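**Student:** Got a structure for you, written out below as structure tokens; questions coming shortly.
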Amino acid sequence: MMMMMLMVVVLVMVIAKAPTAVAPTFTATPSIHQTGDGIVEFEVRLSCCPAPTIQWHKGTTAINDGGRYRAITRTDGANYVLSLIINGVTKDDAGAYKVSAKTTAGESNASITLNLEGLSVTTFD
Numbered sequence: 009m010m011m012m013m014l015m016v017v018v019l020v021m022v023i024a025k026a027p028t029a030v031a032p033t034f035t036a037t038p039s040i041h042q043t044g045d046g047i048v049e050f051e052v053r054l055s056c057c058p059a060p061t062i063q064w065h066k067g068t069t070a071i072n073d074g075g076r077y078r079a080i081t082r083t084d085g086a087n088y089v090l091s092l093i094i095n096g097v098t099k100d101d102a103g104a105y106k107v108s109a110k111t112t113a114g115e116s117n118a119s120i121t122l123n124l125e126g127l128s129v130t131t132f133d
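Residue numbering for the sequence shown follows this note's numbering, beginning at 9 and increasing consecutively.
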């Protein structure tokens, strides 16, 4: 008698799923760093997916990257550090600032108040 061997090949297919959309959530209290050479840096940290659209404001006026303002976004993929650097700070720079982070899953804002007599930070909403 002849023995038949049956060989079964199993194909395993791994399908990568797109990450689930997660609304921006600020993960730390906003901070302000001041140096002795007229530079102020605001920093906020958030987590979200996909990458957010970021907009900084002073009061109700949008701040664009350039000139005295430098907006920086650093990420490791899902965690973000957002910075706004103001060069040549004057008394006119004092006031309320806001950063908005928006994804397809939602939007969140953080507020910071710059008081040039003493730095003051307002928490996020």
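Cβ coordinates follow ideal geometry from the N, Cα and C atoms, glycine included.
All values derive from a computational prediction rather than experimental measurement.
For residue 116, which of 51, 42 and 56 has the nearest alpha-carbon?
**Tutor:** That would be 56, whose Cα lies nearest to the Cα of residue 116.
**Student:** If we count the other Cβ atoms within 10 Å of its Cβ and call it buried at 16 or more, is residue 106 buried or exposed?
**Tutor:** Classification of residue 106: buried, given that the 10 Å Cβ count is 16 or more.
**Student:** Counting C-beta neighbours from all protein chains within 10 Å, is the total for residue 32 16 or more, i.e. buried, or is it exposed?
**Tutor:** Classification of residue 32: buried, given that the 10 Å Cβ count is 16 or more.
**Student:** If you draw a straight line from the C-alpha of residue 114 to the C-alpha of residue 30, how long is it?
**Tutor:** In a straight line, the C-alpha of residue 114 is about 8 angstroms away from that of residue 30.
**Student:** Please report the straight-line C-alpha distance between residue 51 and residue 81, rounded to a whole angstrom.
**Tutor:** Taking the straight line joining both Cα atoms gives about 10 angstroms.
**Student:** Please state whether the Cβ-Cβ distance between residue 53 and residue 88 is less than 8 angstroms.
**Tutor:** Going by C-beta atoms, residue 53 is nearer than 8 angstroms to residue 88.
**Student:** Whose C-beta lies closer than 6 angstroms to the C-beta of residue 118 among residues of the same chain, with five residues either side of it excluded?
**Tutor:** If we look at residue 118 and ignore the five residues flanking it on each side, its Cβ neighbours are 34, 38, 52, 107 and 132.
**Student:** Beta-carbon within less than 6 angstroms of residue 98's beta-carbon, same chain only, minus the 5 sequence neighbours each way: which residues are those?
**Tutor:** Here the set comprises nothing.
**Student:** For residue 60, is the classification buried or exposed, using 16 other Cβ atoms within 10 angstroms of its Cβ as the cut-off for buried?
**Tutor:** With 16 or more Cβ atoms within 10 Å of its Cβ, residue 60 is classed as buried.
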